[in-house]
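Peer 1: Sharing a structure below in structure tokens format, with a few things to ask.
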Amino acid sequence: MPPLRMYTAEENFRRIRRQKRLKFIVVEGCDDVPIYESCLHSLCGKDTDFDIVYSEGKLRIKKFLVSSTAANAMFIIDKDFDDIGVIDERLVSLNRYSIENYFISEDVISFSLQFVLKCKLIDVRNSFSLDEFLGEVSVATTSLLKIIFFYQKRVAPFVDGDEKVSWSDFFISADNDWRLCRGRIEELISLLNPHDASLDEVDHYFKSNFHSSGSIVGDFPGKMLKHSLQRYIKNKIVEIKPAAKGKFSNVEVLRESLAAVMYRSDEIKLVLEPVVNFLNKD
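Below, the structure written as structure tokens:
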């Protein structure tokens with residue numbers, strides 16, 4: 088069996104410049120590649136010829152857009168907290184924090200659960216709801232989102248690399264439960280506010296500078312919610328069909344299962360419409 092083809096970010100950009108007859112879609116991380124590839128093939132048709140590559144971050148994308156007029160590529164970036172300050176028709180920005188945030192959708196989850204529960208889609212829609220999960224996230228993470236944004240924009244730029252808090256890897260789920268742990272959230276808030284900025288200062292800065300997607304599950308970093316989402320769905324599966332208690336057993340299964348049907352989301356279709364039009368154009 089031949090080895091997998093692996094390219095560095097530099098090689099990916101070099102290919103765009105050299106293979107001018109092939110269309111490229113550039114995303115930020117290598118983990119995002121299979122998600123976008125599956126979604127775009129489903130939206131465009133499997134015969135559409137293109138390649139999806141990764142850039143290792145927004146700065147490389149910005150550098151390429153500024154320095155190259157290549158018309159055979161489009162670039163998809165996360166909304167997150169970092170605006171690269173470039174307006175370019177080749178650039179598409181998600182309207183949620185990251186691609187993982189689109190997993191938090193009753194449409195996407197329901198399409199996956201109809202296979203897990205072996206039933207019709209309408210039956211899943213009637214049985215499954217995200218309301219409880221959405222309520223928990225809204226209550227538990229609103230203050231944390233504000234302090235993360237404040238830290239990322241006002242504190243981190245002035246902190247040496249070794250002293251920066253790796254907040255995106257912080258585990259905020261409760262032990263053996265789908266709910267979020269208030270103690271861990273408070274611990275993270277303390278770590279991100281080393282100079283004890285007042286709540287009024289943090290709140291004012293957030294309101295003045297943050298551009299919301301319209302929902303907390305769209306704004307809050309999706310990767311930090313993945314364990315709670317997986318546990319929530321697993322619990323709901325057991326409630327609906329106890330015999331299916333072994334389904335959605337971990338976060339990798341969650342990612343794979345939801346990524347496979349994400350193209351059914353009306354929201355992601357709308358966001359990726361410019362990309363689909365680019366790929367379908369002769």
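Quick note: the sequence shown uses this note's numbering, first residue 88, plus one each step.
All C-beta atoms in this analysis are idealised placements derived from N, C-alpha and C, irrespective of residue type, glycine included.
Fair warning: this is a prediction, and the values are worked out from it, not measured in the lab.
1. Quick check on this structure: which residue in 313, 331, 234 and 360 has the alpha carbon closest to the alpha carbon of residue 291?
2. Where does residue 192 sit, in a helix, a strand or coil, going by DSSP?
3. Please state whether DSSP places residue 160 in a helix, a strand or coil.
4. Across the region 200-214 and the region 245-260, are there enough close Cβ pairs to call them in contact, namely three or more that are closer than 8 Å?
5. With a cut-off of 8 Å, does the C-beta of residue 123 fall near any C-beta of chain C?
6. Using the beta-carbon count (16 or more within 10 Å), is residue 330 buried or exposed?
7. Any idea what DSSP makes of residue 267, helix, strand or coil?
8. Just to confirm the assignment: which complete alpha helix (DSSP H) runs, minimum length 4, are found wholly within the region 291-334?
9. Taking just the CA atoms, how far does residue 169 sit from residue 244?
10. When you compare only the Cα positions, how much space is there between residue 304 and residue 278?
11. To the nearest angstrom, how far is the alpha carbon of residue 428 from that of residue 340?
12. For residue 319, which residues of its own chain have a beta-carbon under 7 Å away from its beta-carbon, when the five flanking residues on both sides are left out?
13. Which of helix, strand or coil does DSSP assign to residue 357?
14. Using 8 Å as the Cβ pair cut-off and three pairs as the minimum, do the region 104-112 and the region 132-139 touch?
15. Should the region 121-128 be called in touch with the region 140-157, which here means at least 3 C-beta pairs below 8 Å?
16. In terms of alpha-carbon separation, which member of 176, 217 and 365 lies closest to residue 194?
17. From the DSSP output, in three-state form, read off residue 197 for me.
18. Assuming residue 190 and residue 316 are in contact, meaning their beta carbons sit under 8 Å apart, how far apart are those beta carbons, in whole angstroms?
19. For residue 309, I'd like the list of residues in its chain whose CB is within less than 6 Å of its CB, leaving aside the five on either flank, ordered along the chain.
20. What are the uninterrupted segments assigned as alpha helix (DSSP H) that are 4 or more residues long and contained completely in the region 201-239, given in chain order?
21. Please work out which residues of its chain come closer than 6 Å, Cβ to Cβ, to residue 238, disregarding the five sequence neighbours upstream and downstream, and give them in chain order.
22. Roughly how many whole angstroms lie between the Cα atoms of residue 96 and residue 105?
23. Between the Cα of residue 166 and the Cα atoms of 156, 155, 178 and 160, which residue gives the shortest distance?
24. Could you say which of 351, 337 and 301 lies nearest to residue 182 if we only look at CA atoms?
25. Kindly indicate which residue of 325, 276 and 258 has the alpha-carbon position closest to the one of residue 232.
Peer 2: On the basis of the data shown:
1. 234
2. coil
3. Under the three-state reduction of DSSP, residue 160 is assigned to strand.
4. no
5. Absent here is chain C; the protein component of the structure consists of one chain.
6. exposed
7. strand
8. Runs of the alpha helix (DSSP H) spanning 4 or more residues and lying entirely within the region 291-334 occur at 303-306 and 313-327, in chain order.
9. Going from the Cα of residue 244 to the Cα of residue 169 covers about 12 Å.
10. 23 Å
11. The chain is shown from 88 up to 369; residue 428 falls before or after that span and cannot be answered.
12. 220 and 265
13. helix
14. The answer is yes - the region 132-139 touches the region 104-112, with three or more Cβ pairs under 8 Å.
15. no
16. 217
17. helix
18. In this structure, residue 190 and residue 316 form a Cβ contact; the two beta carbons are roughly 7 Å apart against a cut-off of 8 Å.
19. 184, 185, 187 and 188
20. 208-214 and 218-237
21. Sequence-distant Cβ neighbours of residue 238 in its own chain, meaning closer than 6 Å and more than five residues away, are 279.
22. 14 Å
23. 178
24. 301
25. That would be 276, whose Cα lies nearest to the Cα of residue 232.
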